[in-house]
């Protein structure tokens, strides 16, 4: 959805991270949903190393 | 007895870590409790607090717990910490039956019309999530810092090609249709549109406009690096164009630190082309001659004053002169004030407020150091050990890796304020208190508790600015009252507080 449409319609927020922002937006009646985010099991660097070890066949 | 313990490979968000630390500190006998992701910056801070961290084997993916308590209590406290981390008691208040999706895709199925993702994850994860959001057609407000320049450029180029915007990284405040996101004050909605590469700069201009009875419709953040040549003002120009096409915006405002020359020219040209009366505030820039429809402010309060004058059809030159006269009176008051000591310490939670105050202090004082100084060569070797006149922004990356921003949890800044107030060479301590949604529930009380615990016989002169409104959850009058009752000199703007503090310190350095 374009920026101009966002400005026209008002915010509908997906909150990924600090929960307090989600709580505040809810209190202000902004349509919002919170993602219960967890870090990936392996980060980019580690995945790269594993790929190398397995000849690029790591899934 | 100070001890540390590492919990390998466990990720917790910084709010959870702050709340667990608070619970542990409530136990009698506990002098200090701190839980952090074991980043290099956090280990440095813990070391400065006296914890033995040099020999620990930990990475940023590990949790480190530091506790200072009598030895017999230690095991019980560690057990409590583990228990709180696995099942936080404060989570019980969550609404029953509330579904919390685990992915962006899940969230889109719950809120199909979503149009913006607010991302406040640790920097190394933030860019990937931001790109996912852009690819699903969402605009992005990227609160996270510690995002690389290359990632920022990639995200912004993608957004630009798809008529979207990336507001950030390090963007704390956005206002859309009068609705604040992130750190936001309760201000009236009105005909002003703001684009800002400075988070607390946007808050200060909105608050100053509100105090002049004027509201803001949109306030779009861009992130501080957007105005540098490497990024080229991608989000700034997108935002200016969007505000230009909104017929309800009568006056436009642009706020940032001085942009690189070519980006500055593009921004100024875009504002001229908008056809709307506009004010720029490139903080710290030398005063420039106004154009018929474009006025140049050098400070945040001046920026709000000029925008208010433009909107009310008033004489802009007179509005500026009146403000300067107010500043001169405050300067005279500062010079008359009594303080013992020689130096000024500016201890800030808001980065732009720190920057503006430091730029003002440099007009009065010979040498001004900082953790993010305005002048090359004035960088403090150690931000935890300020020297002479120093300005510290506790929201800088070095203090926020895996930790909450000091506007959310001001306890670290308060601790540093107490430590520095004990230094007999410190004459004046200048600080900010930022109110609004997202900020701490009672930030003035937090600072005042630190001031009250001072052991120094005659403490420094305390000077503060409270950035907020009566409608903010913390309430401006209540927060100001708490500070005044503790003897703090509170001023109506960041600029005024800085002028008073600098004038009160002027001439003391060589004593």
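Protein chains in written order, with our numbering: chain A, 4 to 62; chain B, 112 to 622.
Ideal placement from N, C-alpha and C gives every residue a C-beta, glycine not left out.
Per DSSP, reduced to three states, the secondary structure at residue 162 (chain B) is coil, with no helix or strand assignment. The Cβ-Cβ distance between residue 257 (chain B) and residue 234 (chain B) falls below 7 Å. A contact is defined here as three or more CB-CB pairs under 8 Å, and the stretch 515-522 of chain B fails this definition with respect to the stretch 441-448 of chain B. Under a 10 Å Cβ-count criterion, residue 41 (chain A) is classified as exposed, with fewer than 16 other Cβ atoms of the shown protein chains found around its own Cβ. In the structure shown, residue 123 (chain B) falls within a coil segment according to DSSP collapsed to helix, strand and coil. As the crow flies, the alpha-carbon of residue 182 (chain B) is around 10 Å from that of residue 141 (chain B). In the displayed model, residue 489 (chain B) falls within coil according to three-state DSSP, outside both helix and strand. For residue 35 (chain A), the secondary structure class from DSSP, reduced to helix, strand or coil, is strand.
Taking 8 Å as the Cβ-Cβ cut-off, the stretch 539-552 of chain B approaches chain A at 548 and 549, given in chain order.
Proximity to residue 194 (chain B) across B:283, B:529, B:128 and B:478 peaks at B:128, based on C-alpha coordinates. Residue 314 (chain B) sits away from residue 415 (chain B), with the two beta carbons spaced by 7 Å or more. Residue burial is scored here from C-beta neighbours: residue 112 (chain B) has fewer than 16 other C-beta atoms within 10 angstroms and is therefore classed as exposed. The Cβ atoms of residue 311 (chain B) and residue 461 (chain B) sit closer than 7 Å to each other. Rounded to whole angstroms, the gap between the alpha carbons of residue 191 (chain B) and residue 135 (chain B) is 8 Å. Membership of residue 591 (chain B) in the alpha helix (DSSP H) is indicated by the continuous run 587-596.
Taking C-beta separations shorter than 6 Å and ignoring five residues to either side along the sequence, the partners of residue 297 (chain B) in its chain run 580, 582 and 583, following chain order. Contact holds between the stretch 222-239 of chain B and the stretch 7-15 of chain A, because three or more Cβ pairs, one in each stretch, are under 8 Å apart.
The three-state reading of DSSP puts residue 393 (chain B) in strand, counting E and B together. According to the DSSP assignment, residue 580 (chain B) belongs to no beta strand (DSSP E), since it is labelled neither H nor E.
For the options B:477, B:479, B:560 and B:542, the alpha carbon positioned closest to that of residue 505 (chain B) is the one of B:542. Among the bridge pairs identified by DSSP, residue 143 (chain B) is matched with B:179.
Out of B:466, B:561, B:591 and B:534, the CA that lies nearest to the CA of residue 567 (chain B) is found in B:534. Residue 139 (chain B) and residue 529 (chain B) have their C-alpha atoms roughly 21 Å apart. Interface with chain B (7 Å Cβ-Cβ cutoff): residue 29 (chain A) is excluded. For residue 389 (chain B), the closest of B:457, B:421, B:413 and B:470 by C-alpha to C-alpha distance is B:421. The bridge partners DSSP lists for residue 291 (chain B) are B:286. Residue 497 (chain B) is classed as buried because its beta carbon has at least 16 other beta carbons within 10 Å across all chains shown.
Assigned with DSSP and collapsed to three states, residue 328 (chain B) falls in strand.
DSSP places residue 129 (chain B) in the helix class (H, G or I) of the three-state scheme.
Around the Cβ of residue 488 (chain B), a 10 Å sphere holds fewer than 16 other Cβ atoms; the residue is exposed. When secondary structure is reduced to three states using DSSP, residue 446 (chain B) falls in the helix class. Listed along chain A are 21 and 23, each with a C-beta nearer than 8 Å to that of residue 519 (chain B). The stretch 359-378 of chain B makes contact with the stretch 299-306 of chain B, as at least three CB pairs between them are under 8 Å. Contact of residue 357 (chain B) with chain A by beta-carbon distance below 7 Å involves 10. When DSSP states are grouped into helix, strand and coil, residue 518 (chain B) belongs to the coil group.
Taking a Cβ-Cβ cut-off of 8 Å, the neighbours of residue 329 (chain B) in chain A comprise 10, given in sequence order.
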